[in-house]
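Okay, so the sequence shown: first residue is 53 according to the working numbering, each after it adds one.
Ideal placement from N, C-alpha and C gives every residue a C-beta, glycine not left out.
I have placed the structure first, in the form of structure tokens, so that the comments after it can refer back to it.
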Amino acid sequence: MAKNLVIVESPTKVKTIKKFLGRNYTIAATMGHVRDLPKSQLGIDVEHDFEPKYITIRGKGELLASLRKEVKKADKVYLATDPDREGEAISWHLIPALNLSDKDYARITFNEITKKAVKESFKHQRDIDMNLVDAQQARRVLDRMVGYSISPLLWAKVKRGLSAGRVQSVALRIICDREDEINAFIPEEYYTLDVELKGSGRKKLTASYHGRGKKAGNIGSKEELDSILKAIDGKDFTIESIRDSEKSVKPPLPFTTSTMQQEASKALNFAVAKTMMVAQQLYEGVEIKGMGTIGLITYLRTDSTRVADEAKATAADFIEKEYGKDYLGIKTDRKTGGKNVQDAHEAIRPADLTILPSEIKDRVTRDQFKLYNLIWKRFMASQMAPEKRKTTSIKLTCAGYGFNASSTSVTFDGFSKVYVDSDEKEEKNSRDLKAFDEGEVLSQVKTDPKQHFTQPKPHFTEASLVHTLEELGIGRPSTYAPTISTLLKRHYIIKEGRNIFVSELGEIVNNIMVENFPEIVDKTFTANMESLLDGVEEGKVDWKSIIRNFYPDLEREVTTAEKNLEKVEIKDEETDVICEKCGRHMVIKYGPHGKFLACPGFPDCRNTKPYLEKIGVKCPKCGKDIVIRKTKKGRKFYGCEDYPACDFMSWQKPVEKKCPRCGKYMVIRGKKLVCSDPSCGYSEPKIEEES
């Protein structure tokens, strides 16, 4: 009998696939990549057309020797690594690593690890797709060039252990730009006005101010609000029109990698890296009591929302049986509109729709259940009918001013019977507006004016950062998790709750990159580079041509930066703080969380202290100095040096000048000085000396 060897990446896959194939199949795992560029050098032969120099990854020698023995025993070898660029590259590297050129071998792929999909893959054997391999090589070589050229400069000029990256550095800039926007934001005052009205009997409704006459507008000042209140005081309201409208809400698309990452972050509070780790487990196979090891979802790295016809049919049968014919969705494919969508795979969906989340809840880990439940419900909803809503809108007038009232009700729940997106806010309607008629006159019960201030854009969360990167075409869904993890590991960003903040170290590295490597951190340039790399995958662009065009500019910028960066080297600054252990003047050092005080006698004296940098402004509470402090996670704020005796703190930098309107302290926001009390609202231009 013929002996076949099937090679996959992970031992979990081995366990899952083994039960699908007979005794004539041996399944082995590579444990990821087996060859890569060397860590100790660039590993790219610049003089010979940028040829990569691949070596066996340290620690993989014994594994490869074991695989070679299995290859010798086999009549045929099947390379069954993941169905993407990385998987194709691993299979390509296995050919020289296992001496397969003289063997009978073939490449097979499957989008889900089920018996049917795995067996079907053997009917579609093929050669290695060199377009996919070259696309992976191009990305690997570009990332190596950027990292190995710029990172040493950061090591020399800031501190060891820092890094720059083709996607990482742009992501950092996007976060820094948002932080600058928030810091420069000047709140603007506005008001809203709600009026509770009553008709005949017990009929009541609440109407909101819309504008003067038929023209919409906001209430921009207290004076304008008082004028409106005076004009409508005691007067009746007349219903000008009542309009009913129906709205059909389309079901959500099934998950892609990025939408899964975003929704898991918002709905489950999963970090992007955690989502990918748990999804990998669900794809490769989970040990379920009574069922064995089962792959629960399709491949987790995809930009496509396409669904296989067989999966649609299975879903339709389930929906009709479980919910009824009315809940069946329209049989059409809707695709995301991004220009960079890669349709090589299906959307992320359950591999077997009949495995209900409730059936495995107590047989898998809590995180595996949560994510599988989310994926199952999202896919099921995507195949169901739209939700239908009815909205009643009423327009009212009083003293020449327009007011609106509206009520929305769900007339058919459709897909929302199964799944509601975390961003979807449930509309609560306290009043039924059907009882009112056009021309009806209503009397006032009470007015409810409220003061508000405009808000800056929110700080990024992992979900909103992933959304922004995808929208800009920067990186690919498979790179978002490692990118965010690297920024956190390097202490460039800090997470507090769900919000992301830039650390002082992140600001310094970003400033260096923007000043010295503007193209590397340019959003448009990076997005265009992604399009070129996609062109390699499609067989339209030669991967070496991208490298040939990119490297000379990078080399020139690195050479220039080596001279200019001498000026930004952070030197040890001596302070007047005396080391109580040895009597030396302590110096300012720079660590992962920013500055700290250290004894210059290191290593003989290892004394360190927190560095409290004074800003030259007295505390408005106790009169002592205000210093720059850090939260536990490294976010900068301004507090009193006498903390905890004095609890003064401010996120914005305070100045000595007091507000001429209310007398409270003022802070710097962008190019203005603003009162620290938002209800005051005073601001004035900032002069250079105060910055």
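Next item on the list: Buried or exposed for Phe-689, please, with buried defined as at least 16 other CB atoms from any protein chain shown within 10 angstroms of its CB.
Entry: To locate residue 689, count along the sequence shown from 1; it is residue 637. Taking all protein chains in view, the Cβ of Phe-689 is surrounded by fewer than 16 other Cβ atoms within 10 Å, so the residue is classified as exposed.
Checklist line | Those residues which DSSP pairs with Arg-721 across a bridge | finding: Indexing the sequence shown from 1 puts residue 721 at position 669. Bridge pairing for Arg-721: Lys-724 [DSSP].
Item checked: Residues that Met-436 bridges to, as DSSP identifies them -> Taking the first residue of the sequence shown as position 1, residue 436 is located at position 384. According to DSSP, Met-436 bridges with Leu-380.
Note to self: Given this structure, state the Cα-to-Cα distance separating Val-629 from Met-638, to the nearest angstrom.
What the structure shows: Along the sequence shown, read from residue 1 onward, the residue named residue 629 stands at position 577. Along the sequence shown, read from residue 1 onward, the residue named residue 638 stands at position 586. Using only the alpha carbons, I get a separation of about 6 Å.
Check: Ala-149 and Asn-56: beta carbons closer than 9 Å?
Finding: Position 97 of the sequence shown, counted from the first residue, corresponds to residue 149. Position 4 of the sequence shown, counted from the first residue, corresponds to residue 56. The answer is no: Cβ separation not under 9 Å.
Next item on the list: Express the C-alpha separation of Thr-166 and Ile-160 in angstroms, rounding to a whole number.
Entry: The residue labelled residue 160 in the question sits at position 108 within the sequence shown. The residue labelled residue 166 in the question sits at position 114 within the sequence shown. Answer to the nearest angstrom: the Cα atoms are 14 Å apart.
Next item on the list: May I ask which residues mark the beginning and end of the alpha helix (DSSP H) holding Tyr-603?
Entry: For the purposes of this step, residue 603 is taken as the residue at position 551 of the sequence shown. Residues 595-616.
Next item on the list: Work out the CA separation of Lys-447 and Arg-386 for me, nearest whole Å.
Entry: One-based indexing of the sequence shown puts residue 386 at position 334. One-based indexing of the sequence shown puts residue 447 at position 395. Legend: pLDDT at Arg-386 = 48, less than 50; position of this residue unreliable, value from coordinates given subsequently. Our two residues, Arg-386 and Lys-447, have alpha carbons roughly 36 Å apart in a direct line.
Checklist line | Cβ separation of Gly-344 and Lys-71, assumed to be a contact under 8 Å, to the nearest whole Å | finding: The count along the sequence shown starts at 1 and reaches residue 344 at position 292. The count along the sequence shown starts at 1 and reaches residue 71 at position 19. That belief holds up - the Cβ atoms of Gly-344 and Lys-71 are roughly 6 Å apart, short of 8 Å.
Note to self: Taking a contact to mean a Cβ-Cβ separation below 9 Å, would you say Asp-378 touches Ala-457 in this structure?
What the structure shows: Within the sequence shown, residue 378 is the residue found at index 326, counting from 1. Within the sequence shown, residue 457 is the residue found at index 405, counting from 1. Taking 9 Å as the Cβ cut-off, Asp-378 and Ala-457 do not qualify as a contacting pair.
Next item on the list: Check whether the Cβ atoms of Ala-169 and Gly-527 sit closer than 9 Å, and answer yes or no.
Entry: On the sequence shown, position 117 is the one that residue 169 refers to. On the sequence shown, position 475 is the one that residue 527 refers to. Not in contact: Ala-169 and Gly-527 (Cβ atoms no closer than 9 Å).
Notebook entry, point to check: Across which residues does DSSP place Pro-501 in a beta bridge pair?
Noted result: Along the sequence shown, read from residue 1 onward, the residue named residue 501 stands at position 449. Looking at the DSSP assignment, Pro-501 forms a beta bridge with Leu-245.
Check: Apart from the five residues just before and just after Gly-587, which ones in its own chain have a Cβ nearer than 8 Å to its Cβ?
Finding: On the sequence shown, residue 587 is found 535 positions in, with the first residue counted as 1. Apart from the 5 residues on each side of it in sequence, Gly-587 sits with its Cβ closer than 8 Å to the Cβ of Val-593 in its chain, given in chain order.
Check: Can you tell me whether Gln-18 is buried or exposed, with buried defined as 16 or more other CB within 10 angstroms of its CB?
Finding: One cannot answer for residue 18 here, as it falls past the ends of the chain, which runs 53 to 743.
Notebook entry, point to check: Are Leu-257 and Leu-494 close, meaning C-beta to C-beta below 9 Å?
Noted result: On the sequence shown, residue 257 is found 205 positions in, with the first residue counted as 1. On the sequence shown, residue 494 is found 442 positions in, with the first residue counted as 1. The Cβ atoms of Leu-257 and Leu-494 sit closer than 9 Å to each other.
Note to self: According to DSSP, is Arg-713 part of a helix, a strand, or is it coil?
What the structure shows: One-based indexing of the sequence shown puts residue 713 at position 661. In the structure shown, Arg-713 adopts coil according to DSSP, grouped into three states.
Check: Straight-line CA distance for Lys-65 to Asp-134?
Finding: Indexing the sequence shown from 1 puts residue 65 at position 13. Indexing the sequence shown from 1 puts residue 134 at position 82. For Lys-65 and Asp-134, the distance between alpha carbons rounds to 10 Å.
Check: For the 8 Å Cβ check, are there 3 or more pairs between the region 170-182 and the region 192-211?
Finding: Cβ pair count under 8 Å is below three, so no.
Notebook entry, point to check: For the beta strand (DSSP E) that contains Asn-759, what are its first and last residues?
Noted result: Because the chain in this structure spans residues 53 to 743, residue 759 falls outside the shown range and cannot be described.
Check: Should the region 81-89 be regarded as contacting the region 104-115, the criterion being three or more beta carbon pairs within less than 8 Å?
Finding: Yes, the region 81-89 touches the region 104-115.
Next item on the list: Closer than 8 Å by C-beta to Arg-264: which residues in its own chain qualify, once you throw out the five before and the five after it? Chain order, please.
Entry: Along the sequence shown, read from residue 1 onward, the residue named residue 264 stands at position 212. Excluding its 5 nearest sequence neighbours in each direction, Arg-264 has C-beta neighbours in its own chain below 8 Å: Gly-452, Tyr-453, Gly-454, listed in chain order.
Item checked: Burial state of Cys-714, where buried means 16 or more other Cβ atoms lie within 10 Å -> Position 662 of the sequence shown, counting from 1, holds the residue named residue 714. Cys-714 is exposed by the Cβ-count criterion.
Margin query: Quick check: the region 542-561 against the region 498-515, are at least 3 beta-carbon pairs closer than 8 Å?
Written below: Yes: at least three Cβ pairs fall under 8 Å.
Notebook entry, point to check: DSSP puts Ile-79 in a beta bridge; with which residues?
Noted result: Against the sequence shown, residue 79 aligns to sequence position 27. Val-58.
Notebook entry, point to check: Can you tell me where the beta strand (DSSP E) with Leu-257 in it begins and where it stops?
Noted result: Here residue 257 is taken as the residue at index 205 of the sequence shown, counted from 1. Per DSSP, the unbroken beta strand (DSSP E) holding Leu-257 starts and ends at 256-264.
Next item on the list: Could you pull out every unbroken beta strand (DSSP E) segment of at least 3 residues lying fully inside the region 98-138, listed in chain order?
Entry: Given a length threshold of 3 residues, each whole run of the beta strand (DSSP E) inside the region 98-138 is given here in chain order: 128-131.
Item checked: Closer than 9 Å to chain D by CB, Ser-495 -> No chain D is part of this structure, which consists of one protein chain only.
Next item on the list: Throw me the rounded Cβ distance for the Lys-685 and Ile-599 pair, which I believe falls under 8 Å.
Entry: Taking the first residue of the sequence shown as 1, we reach residue 685 at position 633. Taking the first residue of the sequence shown as 1, we reach residue 599 at position 547. Incorrect: roughly 39 Å between the Cβ atoms, too far for contact.
Notebook entry, point to check: Smallest Cα separation from Ala-283: which of Glu-522, Thr-531, Thr-449, Glu-559?
Noted result: Translated into the one-based positions of the sequence shown, residue 283 becomes position 231. Checking every option, the nearest Cα to that of Ala-283 belongs to Thr-449.
Notebook entry, point to check: In the structure shown, what three-state DSSP assignment does His-637 receive?
Noted result: Position 585 of the sequence shown, counting from 1, holds the residue named residue 637. Strand at His-637.
Next item on the list: Rounded to whole angstroms, what's the CA-CA distance from Cys-651 to Glu-632? Just pull it up for me.
Entry: Residue 651 sits at position 599 when you count from the first residue of the sequence shown. Residue 632 sits at position 580 when you count from the first residue of the sequence shown. Each residue's CA atom was taken as its position, placing Cys-651 and Glu-632 some 10 Å apart.
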